[in-house]
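Protein chains in written order, with my numbering: chain F, 77 to 211; chain R, 77 to 211.
Here's what the structure looks like:
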């Protein structure tokens with residue numbers, strides 16, 4: 077049975093579920109940042125998914141890119157990463173990056189503490205992500 | 077026409093070509109690290125590829141993971157990333173990570189200057205990668 081790692085609950089907000097992945101908004105108002113967590117028990121690596129699930133995940137990564145683009149930031153480059161060194165449950169980050177953002181041009185992961193959205197901005201971001209994802 | 081960005085030539089060694097991607101070994105003896113560059117003109121983002129190319133790229137990411145595992149390091153986690161903030165030509169990193177490696181648990185990108193393989197170790201790594209990829 078799939079069980080979401082608590083680490084995601086602490087750092088992000090639920091957007092909803094796509095056909096494979098649970099979708100979360102990373103709670104850092106500095107970056108438009110979606111996290112996809114495939115709902116598959118004990119999956120840690122991409123190679124733990126079936127080919128069908130990998131195809132679905134690819135579609136969901138593209139959809140997450142559209143959602144990231146809907147969050148109201150200028151975006152010069154998407155960054156997509158499946159790391160998991162800290163939280164090994166399989167998950168994929170889709171982050172919109174712009175010249176001059178706090179971590180630019182380095183990776184966002186591990187750069188600096190998140191700055192949480194305030195309440196209304198969080199509600200607006202969740203609503204925009206859901207609309208872009210059809211959720 | 078596809079043309080490889082010079083930045084890859086400066087930092088990595090050619091392994092060969094899979095059906096979609098040009099494959100390179102990142103020249104840093106501290107990490108088993110493969111870079112896939114889809115041979116598609118002007119592609120910068122995953123969304124620039126067709127669905128068929130995305131399916132092929134997924135297969136090639138799994139194959140790169142097997143090649144990374146064949147390079148003789150202990151591997152605790154694979155890291156897969158498509159960033160491109162510095163070199164925007166579409167490329168995917170597949171890196172084997174281990175507890176206590178120089179950047180652990182942070183990302184390898186931007187962490188510290190590469191330490192090039194010496195000649196015999198480079199030859200051995202290229203041979204192992206080619207064998208794992210059937211090249």
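Ideal Cβ placement from N, Cα and C applies to all residues, glycine included.
Cutoff 9 Å: residue i Cβ touching any chain F Cβ
{"i": "residue 136 (chain R)", "result": "no"}
{"i": "residue 91 (chain R)", "result": "no"}
{"i": "residue 173 (chain R)", "result": "yes"}
Reference residue i; option with closest CA among the options
{"i": "residue 210 (chain R)", "options": "R:143, R:87, R:187", "result": "R:143"}
{"i": "residue 78 (chain R)", "options": "R:96, R:140, R:86", "result": "R:96"}
{"i": "residue 154 (chain F)", "options": "F:172, F:139, F:140", "result": "F:172"}
{"i": "residue 205 (chain R)", "options": "R:147, R:196, R:166, R:118", "result": "R:147"}
{"i": "residue 110 (chain F)", "options": "F:170, F:164, F:208", "result": "F:170"}
{"i": "residue 127 (chain R)", "options": "F:133, F:119, F:176", "result": "F:133"}
{"i": "residue 117 (chain R)", "options": "R:86, R:92, R:167", "result": "R:167"}
{"i": "residue 164 (chain F)", "options": "F:120, F:100, F:80", "result": "F:120"}
Where residue i falls: helix, strand or coil (DSSP)
{"i": "residue 89 (chain F)", "result": "strand"}
{"i": "residue 164 (chain F)", "result": "coil"}
{"i": "residue 181 (chain R)", "result": "coil"}
{"i": "residue 157 (chain F)", "result": "strand"}
{"i": "residue 189 (chain F)", "result": "coil"}
{"i": "residue 108 (chain F)", "result": "coil"}
{"i": "residue 116 (chain F)", "result": "coil"}
{"i": "residue 122 (chain R)", "result": "helix"}
{"i": "residue 96 (chain F)", "result": "coil"}
{"i": "residue 76 (chain F)", "result": "Residue 76 (chain F) lies beyond the stretch modelled for chain F, which goes from 77 to 211, so this question has no answer here."}
{"i": "residue 198 (chain R)", "result": "helix"}
{"i": "residue 147 (chain R)", "result": "coil"}
{"i": "residue 101 (chain F)", "result": "strand"}
Short CB-CB distance (under 9 Å) between residue i and chain R
{"i": "residue 109 (chain F)", "result": "no"}
Proximal chain R residues relative to residue i, where beta-carbon distance stays under 7 Å
{"i": "residue 160 (chain F)", "result": "153"}
{"i": "residue 189 (chain F)", "result": "Ordered by position in chain R, no residue passes the 7 Å Cβ test against residue 189 (chain F), which lies about 14 Å from the chain."}
{"i": "residue 186 (chain F)", "result": "182, 183"}
Chain F contact residues for residue i, given Cβ-Cβ distances below 9 Å
{"i": "residue 131 (chain R)", "result": "127, 130, 131, 134"}
Under 7 Å from the C-beta of residue i: neighbouring residues of chain F
{"i": "residue 181 (chain R)", "result": "161, 162"}
Amino acids of chain R, ordered along the chain, whose beta-carbon sits closer than 9 Å to that of residue i
{"i": "residue 207 (chain F)", "result": "Residues of chain R passing the Cβ test: none, with the nearest at roughly 19 Å."}
{"i": "residue 122 (chain F)", "result": "134, 137, 138, 141, 154, 156"}
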